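In the UniProt record's numbering, the protein residues as written are 1 to 160. See below for the structure under consideration.
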C-alpha cells in the first residue's frame, strides 16, 4: 500500500458511446493471486498496465513473470482480448518517446511468447496503447503529445 499498489479488488462503472463497462481493479502482486482469479473470472476484456519507464522495469525482476502469469491466466479463463496500456508516457524519463513505447511493447510481446501466446493470434487479440493516466493522453481522446501513434485510444480499444 505504501508504494501505491492495489491491495483490494475495486469496482467502478464507466460508459463509452458503444458499451457500458464495469472496471475491476485487482492487485497484480503474486500474493493476491486469488483476487486476480476472482476478478478475471468475471471479465470480458483484460487490461494490462505496464510502465514505459525502463528503470522501473529493470528494478522489477518479477515483472516479466507476472505478465506471463496474468496473460496466461486471462487466456485460460476465456478472455480473448487484451489491451496493454504502456503508461507513464509523460514521465521525464520517457517524454512521449516512440522508442520507449516500442521497447515496452516488445517486452510484453516476449512475455506473451514465453507464455505460449501470440500478440495477434486468431484466438487472442492484443492492442498496445501508449497512455498517460496522470494527464489522460490516449485514454479517451487522442493525444497531441504522441503524433507518431495512429492506433486506438484506450476507450476505442475497449469498444473494439
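The C-beta atom is built at its ideal place from N, Cα and C for all residues, glycine as well. Because the structure is a prediction, the values reported are computed rather than measured.
For residue 126, does the count of other Cβ atoms within 10 angstroms reach 16, so buried, or fall short, so exposed? For this step, residue 126 is matched to residue 126 along the chain shown. With 16 or more Cβ atoms within 10 Å of its Cβ, residue 126 is classed as buried.
Three or more beta-carbon pairs under 8 Å between the region 79 to 98 and the region 131 to 150, yes or no? yes
Look at residue 77 and residue 41 and say whether their C-beta atoms are less than 7 Å apart. Within the chain shown, numbered from 1, the residue matching residue 77 stands at position 77. Within the chain shown, numbered from 1, the residue matching residue 41 stands at position 41. Yes, the pair counts as a contact, with Cβ atoms nearer than the cut-off.
Can you tell me the Cα-Cα spacing of residue 128 and residue 86, whole angstroms? Residue numbering aside, residue 128 sits at position 128 when the chain shown is read from its first letter. Residue numbering aside, residue 86 sits at position 86 when the chain shown is read from its first letter. Their Cα atoms are separated by approximately 7 Å.
Between which residues of its own chain and residue 47 is the CB-CB distance below 6 Å, once the five residues before and five after are set aside? As a working note, residue 47 is residue 47 in the chain shown. Correct list, in chain order: 83.
Counting along the chain, where does the beta strand (DSSP E) carrying residue 13 start and finish? On the chain shown, position 13 is the one that residue 13 refers to. Note, residue 13: beta strand (DSSP E), 10 to 15.
Whole-Å CB distance - residue 117 paired with residue 124, under 8 Å assumed: Position 117 of the chain shown, counted from the start, is the residue given in the question as residue 117. Position 124 of the chain shown, counted from the start, is the residue given in the question as residue 124. So it is a contact: roughly 5 Å between Cβ atoms.
What's the gap between the Cα of residue 54 and the Cα of residue 63? Against the chain shown, residue 54 aligns to sequence position 54. Against the chain shown, residue 63 aligns to sequence position 63. Each residue's alpha carbon lies about 12 Å from the other.
Can you tell which of 52, 38, 36, 139 has its C-alpha closest to the C-alpha of residue 105? To locate residue 105, count along the chain shown from 1; it is residue 105. Taking only the C-alpha atoms, the option nearest residue 105 is 52.
Looking at C-alpha atoms only, which residue of 75, 50, 69 is the closest neighbour of residue 88? Walking along the chain shown from the start, residue 88 turns up at place 88. Measuring C-alpha to C-alpha distances from residue 88 to each of 75, 50, 69 identifies 50 as the nearest.
Proximity winner among 91, 75, 147, 44, relative to residue 135 (alpha-carbon distances): For the purposes of this step, residue 135 is taken as the residue at position 135 of the chain shown. For residue 135, the nearest C-alpha among the options comes from 91.
For residue 39 and residue 101, I'd like the C-alpha separation in whole angstroms. In the chain shown, residue 39 corresponds to position 39, counting from 1. In the chain shown, residue 101 corresponds to position 101, counting from 1. Each residue's alpha carbon lies about 27 Å from the other.
Mind checking residue 137: buried by the 16 CB within 10 Å criterion, or exposed? Taking the first residue of the chain shown as 1, we reach residue 137 at position 137. If you draw a 10 Å sphere on the C-beta of residue 137, you find 16 or more other C-beta atoms in it, and that means buried.
Assign residue 52 to one of three DSSP states: helix, strand, or coil. For the purposes of this step, residue 52 is taken as residue 52 along the chain shown, with counting starting at 1. If DSSP states are grouped into helix, strand and coil, residue 52 belongs with coil.
Across which residues does DSSP place residue 130 in a beta bridge pair? Here residue 130 is taken as the residue at index 130 of the chain shown, counted from 1. According to DSSP, which records beta bridges pairwise, residue 130 is partnered with 86.
Is DSSP giving residue 18 helix, strand or coil here? In the chain shown, residue 18 corresponds to position 18, counting from 1. Three-state result, residue 18: coil.
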